[in-house]
Structure formats: structure tokens, C-alpha cells
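Using my numbering, read the sequence shown as starting at 283 and increasing by one per residue.
For every residue, glycine included, the Cβ atom is placed at its ideal position computed from N, Cα and C.
Working notes, structure below.
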Amino acid sequence: MNVSQAVNALISQSPFLEESLTDGIINISSLARRIQPDVEQTIGKKVTLGAIVMAINRHSPGYYLGIARGLKGFMSKLGDIIVRSDLCDYTFENSPTLSSCQNSLMDEIVGEKDIVLTLSQGVYETTIVASINLDSAIRRFFSGEKMIAYITNLCSLTIRLPADNTEVSGVYYYILKNIAWIGVNVREVISTSNEFTLVVSAKDVHRSFEVLMNLKRFGGR
Numbered sequence: 283m284n285v286s287q288a289v290n291a292l293i294s295q296s297p298f299l300e301e302s303l304t305d306g307i308i309n310i311s312s313l314a315r316r317i318q319p320d321v322e323q324t325i326g327k328k329v330t331l332g333a334i335v336m337a338i339n340r341h342s343p344g345y346y347l348g349i350a351r352g353l354k355g356f357m358s359k360l361g362d363i364i365v366r367s368d369l370c371d372y373t374f375e376n377s378p379t380l381s382s383c384q385n386s387l388m389d390e391i392v393g394e395k396d397i398v399l400t401l402s403q404g405v406y407e408t409t410i411v412a413s414i415n416l417d418s419a420i421r422r423f424f425s426g427e428k429m430i431a432y433i434t435n436l437c438s439l440t441i442r443l444p445a446d447n448t449e450v451s452g453v454y455y456y457i458l459k460n461i462a463w464i465g466v467n468v469r470e471v472i473s474t475s476n477e478f479t480l481v482v483s484a485k486d487v488h489r490s491f492e493v494l495m496n497l498k499r500f501g502g503r
């Protein structure tokens with residue numbers, strides 16, 4: 283492996299790094315100094331800083347650039363963004379009786395309007411995201427279950443996705459990347475075929491909404 287191949291391999295391992303190079307927001311000399319030990323280890327000999335700088339400048343974004351361009355066009359087709367507030371997040375350990383608790387809760391809220399309730403069952407635990415006014419019912423029906431986590435003061439942002447979203451690579455990554463860059467911690471991610479929901483702290487909902495709107499208007503960063 284020569285210097286160019288080693289540099290290309292190292293850069294390709296980091297989507298954030300490759301994207302930042304494409305956008306021209308990285309100091310090339312600083313990056314060269316940072317990866318110099320890895321390049322030398324990869325090719326088994328000493329390499330000058332100038333050779334690494336040259337290899338970085340010649341690096342072709344290739345596959346990433348094609349995906350990024352497609353995603354920016356896709357984001358302009360995002361549908362409505364619906365915000366819901368006053369949510370709670372419950373996580374219970376899975377048990378043989380958990381499904382009956384869920385059924386009892388669903389029977390309780392039949393006909394209820396203007397509430398949020400989602401249930402996500404994993405291998406070992408189940409998470410419920412619900413409106414705060416369901417708190418007493420959830421605690422009543424799940425009183426015999428082991429609660430692993432409980433978070434309050436949450437909001438959700440639901441995005442309507444175009445029908446072809448499952449055929450486009452990197453949709454969720456592109457959305458989450460832009461949210462991560464503003465320092466927002468995503469508490470939960472909920473998805474259906476054509477909807478994508480982020481659950482965040484109430485203090486972060488305005489910034490998150492602004493990012494999602496910018497994705498619709500300008501295709502992101």
C-alpha cells in the first residue's frame with residue numbers, strides 16, 4: 283500500500299471526516315500531522331508530512347459525495363414536522379406479564395384523543411413514550427413490572443418522509459448528524475415506514491425544530 287492508498291483508507295473510515303473535507307472546513311496540515319503515525323504504521327515506513335498533505339488534497343470524496351448530493355435533494359421533499367410536548371419515557375424489563383400490561387393500557391385509552399403513546403419492544407426491554415396525562419394509568423397497569431428508566435419533560439418531533447425513503451441511503455444518518463452537530467441529545471428514535479420521530483428534552487425542541495426546517499429549506503449543511 284502506498285501513501286495515497288493509506289490516506290484514502292484512513293479518511294474513508296470516518297464519514298464525518300470525509301464530509302468535512304468535501305465541505306472544505308478542515309485544516310489539511312493539521313489533519314496530516316494527526317494521521318501521520320497511522321499512515322506510517324500502515325505502509326511500514328517513515329512518510330514526510332508533505333507527502334501526506336498531497337495525498338489528502340488528491341483524495342476524491344467519491345461515493346460519499348454522490349450520497350450527500352442525493353440526500354440534499356431528498357431533504358427538500360420532507361413533509362410536515364409535528365411537535366408534541368409534555369411527554370414521558372418509561373423503560374421496563376421484558377417479562378412474561380408485560381404484554382398483558384400493554385393490552386390493559388390500550389383498552390384503557392380506547393377513544394382517547396390528543397395523546398401520544400408508542401411502544402417499542404426490544405430483546406430485553408420495552409420502552410413506552412407517552413403523554414404525561416397517561417402517567418397514572420401506566421404506573422397502575424405496570425406496577426408489578428421492573429422499571430429500568432423514567433424520563434420526563436420530553437418533546438417529540440415527527441417528520442413525514444417521502445414514500446421512497448427506504449430506497450435512499452443515509453436518510454436517518456443525515457438527519458441525526460445535523461441534530462448531533464448542535465449538541466442535542468436524542469433520547470429516543472421512533473420510526474414507521476414513512477414517519478421518523480425524534481424524542482428530545484423540552485429545552486432542546488426549538489433548536490431541533492430549526493435544524494429540521496433548515497433541512498427542508500436548504501438540504502442541510
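Could you tell me how far apart the beta carbons of residue i and residue j are, in whole angstroms, since I believe they sit closer than 8 Å?
{"i": "Ile325", "j": "Asn284", "result": "7 Å"}
Measure the C-alpha to C-alpha separation of residue i and residue j and round it to an integer number of angstroms.
{"i": "Ser425", "j": "Tyr456", "result": "39 Å"}
{"i": "Trp463", "j": "Asn376", "result": "34 Å"}
{"i": "Phe423", "j": "Val365", "result": "27 Å"}
{"i": "Thr434", "j": "Ser418", "result": "13 Å"}
{"i": "Gln295", "j": "Pro319", "result": "16 Å"}
{"i": "Ser358", "j": "Ser367", "result": "25 Å"}
{"i": "Met523", "j": "Glu394", "result": "Coverage of the chain is limited to positions 283 through 503, which leaves residue 523 absent and any answer about it impossible."}
{"i": "Ile271", "j": "Ser312", "result": "This structure cannot settle anything about residue 271, because the visible part of the chain is limited to 283 through 503."}
{"i": "Tyr432", "j": "Gly404", "result": "17 Å"}
{"i": "Phe356", "j": "Lys327", "result": "44 Å"}
I'd like the list of long-range same chain contacts for residue i, defined as Cβ closer than 7 Å, with 5 residues on each side in sequence excluded.
{"i": "Arg315", "result": "Leu331"}
{"i": "Val466", "result": "Val482, Asp486, Arg489, Ser490"}
{"i": "Ser302", "result": "Ile308"}
Considering only residues of the same chain and omitting the five flanking positions on each side of residue i, which have a CB-CB separation below 6 Å?
{"i": "Val453", "result": "Asn447"}
{"i": "Thr400", "result": "Val411, Ile472"}
{"i": "Val329", "result": "Val285, Val321, Glu322"}
Please work out which residues of its chain come closer than 8 Å, Cβ to Cβ, to residue i, disregarding the five sequence neighbours upstream and downstream, and give them in chain order.
{"i": "Leu360", "result": "Ile441, Arg442, Leu443, Pro444, Leu494, Leu497, Lys498"}
{"i": "Val289", "result": "Ile317, Val321, Ile334, Ala337, Ile338, His341"}
{"i": "Tyr406", "result": "Glu375, Asn376"}
{"i": "Ala291", "result": "Met283, Thr324"}
I'd like to check one pair, residue j with residue i: are the Cβ atoms closer than 8 Å?
{"i": "Glu427", "j": "Cys383", "result": "yes"}
{"i": "Tyr372", "j": "Ile414", "result": "no"}
{"i": "Ser490", "j": "Ile461", "result": "yes"}
{"i": "Glu300", "j": "Ile293", "result": "yes"}
{"i": "Leu416", "j": "Ile397", "result": "yes"}
{"i": "Phe232", "j": "Met429", "result": "This structure cannot speak to residue 232, because the chain is shown only from 283 to 503."}
{"i": "Thr409", "j": "Glu470", "result": "yes"}
For the pair the stretch 435–442 and the stretch 460–479, tell me if three or more CB-CB distances fall below 8 Å. yes
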